[in-house]
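K.L.:
Please read through the structure below; I'll follow up with questions.
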Amino acid sequence: MDVECIQFGLICINDGWLRLPTYVSSQQPIVNQLEYPPGDTFNITCDVSRFADLRSAGELLSISLLRQLSTQTSFENIASYEPKAEKKMTTNIPIQWQVFYAGGEGINNRNTIRLVVTVVDFQCADAGLYQCQIFIPAPSHQANTTPVNITAKIGITQKDIYMTPHKKIIGEDIHSSVNTVGVEITLTCSFTGPANLQALWRRKKAGNEENYPYANNIKNSKPVFSVISGCNTYDYTSELKFTLEEKDNGTLYICVVMEDNIERSRKMFTSVNAVQHRL
1 MDVECIQFGL
11 ICINDGWLRL
21 PTYVSSQQPI
31 VNQLEYPPGD
41 TFNITCDVSR
51 FADLRSAGEL
61 LSISLLRQLS
71 TQTSFENIAS
81 YEPKAEKKMT
91 TNIPIQWQVF
101 YAGGEGINNR
111 NTIRLVVTVV
121 DFQCADAGLY
131 QCQIFIPAPS
141 HQANTTPVNI
151 TAKIGITQKD
161 IYMTPHKKII
171 GEDIHSSVNT
181 VGVEITLTCS
191 FTGPANLQAL
201 WRRKKAGNEE
211 NYPYANNIKN
221 SKPVFSVISG
231 CNTYDYTSEL
241 KFTLEEKDNG
251 TLYICVVMED
261 NIERSRKMFT
271 SVNAVQHRL
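According to full-length UniProt numbering, the sequence shown is numbered sequentially starting from 1.
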């Protein structure tokens with residue numbers, strides 16, 4: 001029979017195992033935000049104030065930061081501060097991360113202890129659940145905060161549109177070209193980012209912008225997968241090919257990067273000018 005001895009502040013013996021009563025606080029570790037780009041630096045703070053709903057107790061033996069990555073099935077202790085121990089700090093963190101601690105001196109030290117882990121050069125592989133834990137010896141019990149889910153956000157990097165053949169107009173923007181009517185034009189749009197991005201080609205003339213109407217002229221290559229800073233990253237390429245006509249003169253071509261039907265980035269080839277004579 002399961003015994004709810006957690007309610008009495010006793011050591012539990014269930015199914016032959018010796019377990020400490022564990023309380024779960026509705027509070028979470030202190031972080032400024034829940035999503036960070038790779039390479040960022042931020043703090044995760046464990047403070048006893050996050051355990052305000054605990055019943056009164058005396059001294060606090062330790063405060064720790066636990067982590068569970070997406071590849072793990074349980075939490076691991078990555079930093080622990082024990083005010084009364086000879087070795088006050090124990091860590092299992094990447095070498096570039098930093099740990100700071102304060103408080104815990106004297107009797108009834110519970111209200112002064114704080115543990116701060118500074119995450120330096122955040123990687124996608126560091127994304128996961130983080131929670132704080134404290135241990136109080138009398139009566140023996142531990143308490144955990146509710147985990148906070150820290151995720152990694154891959155940015156989108158879009159290159160300028162590349163055109164062939166490209167014949168720059170003297171004195172005009174570098175992203176403009178003058179070409180002979182009848183020449184086949186190729187516009188290439190390249191960008192890098194997370195999965196499930198799409199390229200949307202648009203064109204603009206005389207102030208009116210619209211989706212490019214001829215889908216057969218567009219070729220989207222299969223995204224190329226790579227791992228950058230521990231993040232799953234994809235390289236995308238989309239080509240727009242068409243035969244230049246006189247009516248295309250002065251048209252602007254735009255490559256829009258879409259994510260979940262939301263525009264995330266765009267690049268514009270300033271102007272394609274059509275002339276009758278051979279250049």
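Glycine included, every Cβ here is placed at the ideal spot set by N, Cα and C.
Output needed for P137: all residues of its chain with C-beta closer than 6 Å, excluding positions within five of it in sequence on either side, in chain order.
P.N.:
Once the five neighbours on either side are set aside, the close Cβ partners of P137 are L61.
K.L.:
Which runs of the beta strand (DSSP E) fall wholly inside the UniProt domain "Ig-like" (165 to 270) and span at least 3 residues, in chain order?
P.N.:
Whole beta strand (DSSP E) segments, 3+ residues: 176 to 180, 184 to 193, 197 to 205, 208 to 211, 218 to 220, 224 to 228, 231 to 243, 251 to 259.
K.L.:
Touch check for the segment 116 to 130 and the segment 155 to 166: three-plus C-beta pairs under 8 Å?
P.N.:
No, because fewer than three Cβ pairs between the segment 116 to 130 and the segment 155 to 166 fall closer than 8 Å, the two stretches do not touch.
K.L.:
For F75, which of helix, strand or coil comes out of DSSP?
P.N.:
DSSP places F75 in coil when its eight states are reduced to three.
K.L.:
Taking a contact to mean a Cβ-Cβ separation below 8 Å, would you say T188 touches Y162 in this structure?
P.N.:
Their beta carbons are under 8 Å apart, which means T188 touches Y162 by this criterion.
K.L.:
Using 8 Å as the threshold, is the C-beta distance between T151 and E35 below it?
P.N.:
Cβ atoms of T151 and E35: closer than 8 Å.
K.L.:
Using a Cβ-Cβ cutoff of less than 6 Å, which residues in the same chain neighbour L66 once the five nearest sequence positions on both sides are dropped?
P.N.:
Once the five neighbours on either side are set aside, the close Cβ partners of L66 are F75, N77, Q131, Q133.
K.L.:
Got a sec, what are the start and stop residues for the beta strand (DSSP E) P137 sits in?
P.N.:
Here the beta strand (DSSP E) through P137 covers 128 to 137.
K.L.:
Give the DSSP bridge partners of F100, in chain order.
P.N.:
V116, per the DSSP bridge assignment.
K.L.:
Is the beta carbon of K204 closer than 8 Å to that of L252?
P.N.:
Yes, Cβ-Cβ distance for L252 and K204 is below 8 Å.
K.L.:
Can you look up F51 in the DSSP assignment and give me helix, strand or coil?
P.N.:
Correct three-state label for F51: helix.
K.L.:
Is the distance from the Cβ of Y236 to the Cβ of A199 below 8 Å?
P.N.:
Yes, the pair counts as a contact, with Cβ atoms nearer than the cut-off.
K.L.:
Do the CB positions of P37 and G207 come within less than 8 Å of each other?
P.N.:
Not in contact: P37 and G207 (Cβ atoms no closer than 8 Å).
K.L.:
What did DSSP end up calling A85 once you bin it into helix, strand or coil?
P.N.:
Here A85 sits in coil by DSSP.
K.L.:
Please report the distance separating the alpha-carbon of Q142 from that of A195.
P.N.:
Straight-line Cα distance between these residues: approximately 41 Å.
K.L.:
With a CB to CB cut of under 6 Å and the five nearest residues on each side skipped, what residues in its chain are close to D160?
P.N.:
Around D160: K267.
K.L.:
Along the beta strand (DSSP E) that carries T145, what are the first and last residues, could you check?
P.N.:
Where T145 is concerned, the enclosing beta strand (DSSP E) stretches over 140 to 145.
K.L.:
As a quick exercise: from V272, I218, N261, pick the residue whose alpha carbon is nearest that of K247.
P.N.:
Taking only the C-alpha atoms, the option nearest K247 is V272.
K.L.:
To which residues of the same chain is T112 closer than 8 Å at the C-beta, ignoring the five residues directly before and after it?
P.N.:
If we look at T112 and ignore the five residues flanking it on each side, its Cβ neighbours are V48, A102, G103, G104, E105.
K.L.:
Pull up the DSSP beta-bridge partners for N43, would you.
P.N.:
T118, per the DSSP bridge assignment.
K.L.:
Write down the C-beta distance between T145 and N43 rounded to the nearest angstrom, noting that I regard them as a contact closer than 8 Å.
P.N.:
Actually they are not in contact, since the Cβ atoms of T145 and N43 sit about 15 Å apart, beyond 8 Å.
K.L.:
Kindly indicate which residue of Q276, E263, V120, L197 has the alpha-carbon position closest to the one of G182.
P.N.:
Cα-wise, what sits closest to G182 is Q276.
K.L.:
Please return the same chain residues whose Cβ sits closer than 6 Å to the Cβ of S176, not counting the five positions on each side in sequence.
P.N.:
Cβ neighbours of S176 beyond the five flanking positions: I169, T270, S271.
K.L.:
What residue range does the beta strand (DSSP E) around I150 cover?
P.N.:
Looking at the DSSP string, the run of the beta strand (DSSP E) that includes I150 is 148 to 152.
K.L.:
Quick check on P213: buried or exposed, where buried means 16 or more other Cβ atoms within 10 Å of its Cβ?
P.N.:
Exposed, because fewer than 16 other Cβ atoms sit within 10 Å of the Cβ of P213.
K.L.:
Look at the Cβ atom of T186, then the Cβ atom of R114, and state whether they are nearer than 8 Å.
P.N.:
No, the Cβ-Cβ distance between T186 and R114 is not below 8 Å.
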